[in-house]
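Trainee: Residue numbers (the working numbering), protein chains in the order written: chain W, 581 to 695; chain P, 3 to 613.
Just so it is clear, CB atoms sit at the ideal spot from N, CA and C, and this is done for glycine as well.
Take a look at this one; I'll ask things after.
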Amino acid sequence: MTLYPYLVAGAVLLLGIIGIARSRNLVHAVVCLAVAQSATYVLLLAVGYQRGATAPIFQSPTARAATMVDPVVQALTLTDIVVSATVTSMLLALAIQIAKRHASVDPDELRSLRG
Amino acid sequence: MTTAGLAAVLLPAVVVVPIMAACLLLSLGRWLDRPTVDVIAVATAVAVSAADGVLLAASANQRLVAWLGGWTPHRGTGVGIVLVGDQVGIGAALVAGVLMSCALTFSWRYFEDIHTHFHALMMLFLAGMTGFALSGDVFNMFVFFELMGVAAYALTATKIEDPTAVHGALTFGVINSLGAYVSLMGIGMLYAATGQLNLAMLSQALTAHGQDPLAVIGFALTATGFLVKGAVAPFHFWLDDAHAVAPTPVCVLFSGIMVELGIYGVARLYWVGFSGTLEAGSIQRLFLVLGVGTAAVGGVMCLLQRHLKRLLAYSTIAHTGLFLVALGSLDPVATGGIVVYVLGHAAVKSTLFLSAGIILNRYGSVDEFSLRGKGRDARLVGAVFLLAGLALAGLPPFAVGLGKVVGEEGLVQSGIGWGPILFLVVSAVTGGAVLRAGARIFLGLGGGPGTEESEAMSGDKEMRELATGTTRLPAMMGVPLVGLLAAGAAVGLMPGIGSQAVFAAERFVDRGGYVAAVLGDSTGYASVSMRNAGWSTEGVVLCLASVAGALVVAGIGLYATALAQPVKTVVRPLRPVLHGLRGLHSGHIGDYAAWLLLGVGGVIALVIIPV
């Protein structure tokens with residue numbers, strides 16, 4: 581594996597965090613969190629990728645392809661997507677409730693937890 | 003039944019049973035009345051704690067290993083999921099179970115209007131914490147980390163009508179999830195470097211390959227995620243916001259065990275995965291730098307609070323710093339000290355939080371100044387609160403003091419002579435802040451707020467958890483309150499507990515033994531000689547010194563406005579510094595994300611740059 585996927589994954593993660601740091605809207609911040617998480621998909625899938633390899637699906641137990649991409653990281657990515665769906669929906673629900681209670685979703689205007 | 007057979011049944015059961023209870027409660031909840039829901043939840047938590055107790059007894063002679071679904075490794079490799087229990091890991095799970103039982107018992111009468119969701123989330127939270135403590139591979143550590151995270155975010159926002167609660171929960175959720183994803187990046191890199199997720203096989207592969215920069219960065223990123231959960235500066239900002247707004251029984255679990263599990267995760271990852279390959283000097287530097295910084299920030303911010311739960315939250319941050327410093331000595335005696343310290347801290351801090359909850363329900367506020375003298379009629383709660391404050395400062399025979407004594411001994415042995423001084427100062431400052439608040443509320447001592455105090459977040463806006471203020475303390479709330487404090491003293495008085503903890507810590511840091519047990523070579527422990535660790539004369543003197551220091555700190559806090567002019571001139575130049583430090587804790591999600599990014603860079607630099 582080359583350095584390239586690491587750089588892409590690192591850049592996406594960085595963009596996500598910077599997006600949260602500069603966010604003026606909580607819904608935007610939650611979406612930036614999902615962007616940061618997609619960096620992990622890129623990294624995990626790239627780790628298991630091999631050029632010219634087949635998908636890890638076998639018709640019969642005896643016929644084995646010479647090379648296949650790593651199924652473990654694909655399973656991890658699937659689990660990761662489930663986790664992401666849970667977290668994102670939970671946080672968006674909280675953002676709606678904040679909009680109702682504070683009448684604003686701008687982090688700059690939420691001043692209840694200072695000091 | 004053999005020990006291995008027992009482990010194969012009970013290790014998965016302590017994770018699965020609470021999840022099944024949560025599913026049962028959620029699916030049947032609408033037809034169940036409140037007492038039935040309470041009984042199911044408390045019974046599950048007690049049953050899990052009992053099973054943890056059986057496992058703890060069984061783990062005295064061998065490491066417990068359970069490969070789920072019988073997917074055992076074949077010729078040293080495998081993709082199965084493994085749960086591993088040694089005394090420290092099962093002990094952490096047991097603390098989570100016991101605290102959960104106490105918190106649910108307390109909630110029985112504490113909440114008037116909660117639905118089954120609360121109990122179901124508490125069950126999922128317990129499953130997440132237990133699974134994290136027992137997990138033997140890094141990916142499942144991430145999964146359980148997120149399970150306890152999601153349950154904790156939802157529990158923080160239990161009072162969904164409270165504007166501060168939803169704000170605190172969102173901050174907590176975003177920052178902790180960000181930490182989890184940084185961890186997952188690290189786990190991906192570890193897999194790329196070694197092809198393994200199982201901690202034992204990972205450790206073996208690392209030793210075979212030698213040091214690989216990819217694996218080192220992978221360690222730094224994975225550890226960062228756990229440090230976010232452990233509320234280590236500069237990742238600690240979510241903790242005080244979450245504690246200030248979460249219901250009190252939930253705070254008991256946050257401060258008592260969840261934060262400590264973050265530190266446990268880092269320690270487990272280092273000792274099993276990397277202690278053979280990573281340079282000891284750089285890891286020591288990482289733990290010591292972060293530990294001292296966390297202790298300093300937590301201690302100073304603790305003094306500046308008037309919101310009772312926020313004050314207790316900062317004290318937890320300061321103590322986390324001490325845990326990390328003791329861990330940084332890489333010495334088994336100091337590590338054993340942390341084990342006792344965490345037990346004592348869990349008992350004492352839980353007592354303090356439960357007292358704060360009772361105060362909130364009775365007087366409708368958790369603000370130190372608004373409540374001045376109001377608590378004179380609450381004799382029992384007042385006495386318990388002040389005694390717990392003294393115990394937090396290190397009063398013998400409470401286990402917090404014993405943990406400090408053993409920890410300090412280990413620090414001195416490993417050449418960190420300044421360690422005991424840091425322990426003394428932090429104990430005095432945090433204990434002093436708690437005593438100051440207690441003396442003002444329950445004894446009516448001290449004056450009104452000065453300029454510094456009026457800047458702090460007020461505790462008047464906290465929503466009550468009961469509609470009406472109750473004056474009588476129900477037994478369901480009194481028993482956990484007094485019981486936890488008594489447990490703190492009982493652990494400190496237990497004969498040989500210090501030596502046993504050091505013994506367990508020796509086994510915890512034994513990398514070879516862990517790897518052999520998981521790969522099926524041998525499950526027995528390596529033989530180590532039992533070392534003598536316990537109350538010592540110098541240790542008790544240091545403990546009493548920190549209690550005296552706490553009383554002085556409390557006195558200065560109470561009468562600061564009436565102090566003589568010279569003292570004021572000394573304090574005045576510090577004001578901009580304190581003001582600035584307070585300003586950093588802005589409650590702004592963007593600021594916290596920026597600190598996290600900075601912290602990730604710092605952790606990587608501290609691990610990579612050669613000493």
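Can you pull the chain W neighbours of P:Ala-233, defined as C-beta to C-beta under 9 angstroms?
Mentor: In chain order: nothing, as chain W lies at least about 15 angstroms away.
Trainee: Nearest chain P C-beta to W:His-682 closer than 7 angstroms, yes or no?
Mentor: yes
Trainee: What does P:Asp-243 reach in chain W if we use C-beta pairs closer than 7 angstroms?
Mentor: Per Cβ cutoff of 7 angstroms: Leu-693.
Trainee: Given that W:Ile-661 touches chain P, what residues does it touch there, using C-beta distances under 7 angstroms?
Mentor: Residues of chain P passing the Cβ test: none, with the nearest at roughly 12 angstroms.
Trainee: Flag this pair as yes or no: are the beta carbons of W:Leu-593 and W:Ala-614 separated by less than 7 angstroms?
Mentor: no
Trainee: Is the separation between the beta-carbon of P:Leu-136 and that of P:Gly-87 shorter than 7 angstroms?
Mentor: yes
Trainee: So which residues of chain P does W:Ala-620 contact, with C-beta pairs closer than 8 angstroms?
Mentor: It should be pointed out that residue 620 of chain W corresponds to Thr in this sequence rather than to Ala. Under the 8 angstroms cutoff, chain P gives Tyr-183, Leu-186, Met-187, Gly-190.
Trainee: Could you check how far apart the C-beta atoms of P:Ala-535 and P:Val-408 are, in whole angstroms? I think they sit under 8 angstroms.
Mentor: 5 angstroms
Trainee: Does the contact criterion of 3 or more C-beta pairs under 8 angstroms hold for the segment 197 to 217 of chain P versus the segment 11 to 18 of chain P?
Mentor: In this structure the segment 197 to 217 of chain P does not touch the segment 11 to 18 of chain P; the number of beta carbon pairs closer than 8 angstroms is below three.
Trainee: Please report whether the beta-carbon of P:Leu-544 lies at a distance below 7 angstroms from any beta-carbon of chain W.
Mentor: no
Trainee: Under 8 angstroms, with one C-beta from each stretch per pair, do the segment 176 to 183 of chain P and the segment 247 to 259 of chain P reach the 3-pair mark?
Mentor: no
Trainee: Just the chain P side, please: which residues come within less than 8 angstroms of W:Ile-678 by C-beta, in chain order?
Mentor: Chain P residues near W:Ile-678: Pro-165, Val-168, His-169, Leu-172.
Trainee: Listing by chain order, which chain W residues have their CB less than 7 angstroms from the CB of P:Phe-141?
Mentor: Leu-656
Trainee: Could you tell me which chain P residues have their CB closer than 9 angstroms to the CB of W:Ala-736, listed as they occur along the chain?
Mentor: Any property of residue 736 of chain W remains undetermined from this structure, which presents chain W solely from 581 to 695.
Trainee: Closest to P:Arg-577 by CA distance: which of P:Val-230, P:Leu-306, P:Met-496, P:Glu-464 is it?
Mentor: P:Leu-306
Trainee: Judging by CA-CA distance, which residue of W:Arg-694, W:Tyr-621, W:Gln-639, W:Leu-583 is the nearest neighbour of P:Tyr-183?
Mentor: Of W:Arg-694, W:Tyr-621, W:Gln-639, W:Leu-583, the residue nearest in Cα terms is W:Tyr-621.
Trainee: Over what stretch of residues does the alpha helix (DSSP H) that includes P:Gly-87 continue unbroken?
Mentor: According to the DSSP assignment, P:Gly-87 belongs to no alpha helix (DSSP H) but to the beta strand (DSSP E) extending over 84 to 87.
Trainee: Taking the alpha-carbon positions, what's the P:Gly-188 to W:Leu-625 distance?
Mentor: 14 angstroms
Trainee: Could you spell out the range, first to last residue, of the beta strand (DSSP E) harbouring P:Trp-69?
Mentor: 66 to 69
Trainee: What's the gap between the Cα of P:Ser-531 and the Cα of P:Phe-134?
Mentor: 29 angstroms
Trainee: With distance defined between alpha-carbon atoms, name the residue in P:Val-50, P:Tyr-155, P:Leu-271 nearest to P:Phe-510.
Mentor: The residue from P:Val-50, P:Tyr-155, P:Leu-271 with its alpha-carbon nearest to that of P:Phe-510 is P:Leu-271.
Trainee: Using C-beta distances below 8 angstroms, list every residue in its chain close to P:Arg-374, excluding the 5 sequence neighbours before and after it, in chain order.
Mentor: Arg-442, Ile-443, Gly-446, Gly-448, Gly-450, listed in sequence order.
Trainee: Less than 7 angstroms between CB atoms is the rule here; does W:Leu-583 satisfy it with respect to chain P?
Mentor: Answer no: the Cβ-Cβ gap between W:Leu-583 and chain P never drops below 7 angstroms.
Trainee: Please name the residue or residues paired with P:Asn-200 in a DSSP beta bridge.
Mentor: Under DSSP, the beta-bridge partners assigned to P:Asn-200 are P:Asp-139.
Trainee: Using beta carbons (cut-off 7 angstroms, strictly below), is W:Leu-595 in contact with chain P?
Mentor: no
Trainee: If you reduce the DSSP assignment to three classes, tell me which class P:Gly-366 lands in.
Mentor: coil
Trainee: According to DSSP, what are the bridge partners of P:Thr-79?
Mentor: P:His-76
Trainee: Reducing DSSP to helix, strand and coil, say where P:His-309 ends up.
Mentor: Strand, per DSSP.
Trainee: Using the Cα positions of P:Arg-312 and P:Leu-288, report the straight-line distance between them to the nearest angstrom.
Mentor: Pairing P:Arg-312 with P:Leu-288, the inter-Cα distance amounts to about 27 angstroms.
Trainee: How far does the alpha helix (DSSP H) with P:Val-50 in it reach, from first residue to last?
Mentor: 36 to 60
Trainee: Quick check on P:Met-102: does DSSP put it in helix, strand or coil?
Mentor: helix
Trainee: Is it true that the CB of P:Pro-165 sits closer than 7 angstroms to the CB of W:His-682?
Mentor: Closer than 7 angstroms, so yes.
Trainee: For P:Leu-559, which option in P:Leu-70, P:Arg-364, P:Arg-111, P:Glu-370 has the closest C-alpha, if you only look at C-alpha atoms?
Mentor: Position check: residue 559 of chain P holds Gly in this sequence, whereas Leu was assumed. Nearest of P:Leu-70, P:Arg-364, P:Arg-111, P:Glu-370 to P:Gly-559, Cα basis: P:Glu-370.
Trainee: Mark P:Asp-54 as exposed unless 16 or more other C-beta atoms lie within 10 angstroms of its C-beta, in which case mark it buried.
Mentor: That one is buried.
Trainee: List the whole-angstrom C-beta distance separating P:Gly-93 from P:Leu-58, where the pair is believed to meet the contact cut-off of C-beta under 8 angstroms.
Mentor: 6 angstroms
Trainee: Apart from the five residues on each side of it in sequence, which residues of its chain come closer than 6 angstroms, Cβ to Cβ, to P:Asp-512?
Mentor: Ala-528
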